[in-house]
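Structure first, then comments.
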Amino acid sequence: MLLATTAVIVAMFMLFAAAMRLIVMTLFFAAALRLVVIVVFLAAAVVVVIRVVLFATAVVVVILVVFFAAAVVVVILVVFFAATVVVVFVDFFATTVVTVVFALFFALSCHCAPSFR
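Each residue of the sequence shown is one higher than the one before, starting from 120 at the first, in the numbering used here.
If you want it as structure tokens, here you go:
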């Protein structure tokens, strides 16, 4: 029981660390998501305190599993948000490049057309 609880705690903190790295690397400007991660970290701290106080009871294991599932949901949301941000930026830059290239081509064709007569 103690080993299983410890394994859940280690896995939970590894998942939290992965979520934090993902946010820092891709979405450091998203204050709302940082707030969510801070809340999850505080919840994890509460779980650790409960675990120390109650020392590996079934209630603690259930709480750990719930917070582990919540961390998985947070990571999934962060990944989806990051993908959305990437798609929006790629779409914006691709549209901008196509527009600029078309405008340059049109301007050059209008400028060069009289010289071909």
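Heads up, the beta-carbon is just placed ideally off N, CA and C, and yes, glycines get one too.
Check whether the region 185-201 touches the region 213-220, taking contact to mean three or more Cβ pairs, one atom from each stretch, closer than 8 Å. no
I need the straight-line Cα distance from residue 158 to residue 181, nearest angstrom please. 19 Å
If you count every other CB in all the chains shown that lies within 10 Å of the CB of residue 183, and 16 or more means buried, which is it? The residue in question, residue 183, is buried, as its Cβ has 16 or more Cβ neighbours within 10 Å.
C-alpha distance - residue 205 paired with residue 221, whole-angstrom precision: Going by the C-alpha atoms only, they are around 24 Å apart.
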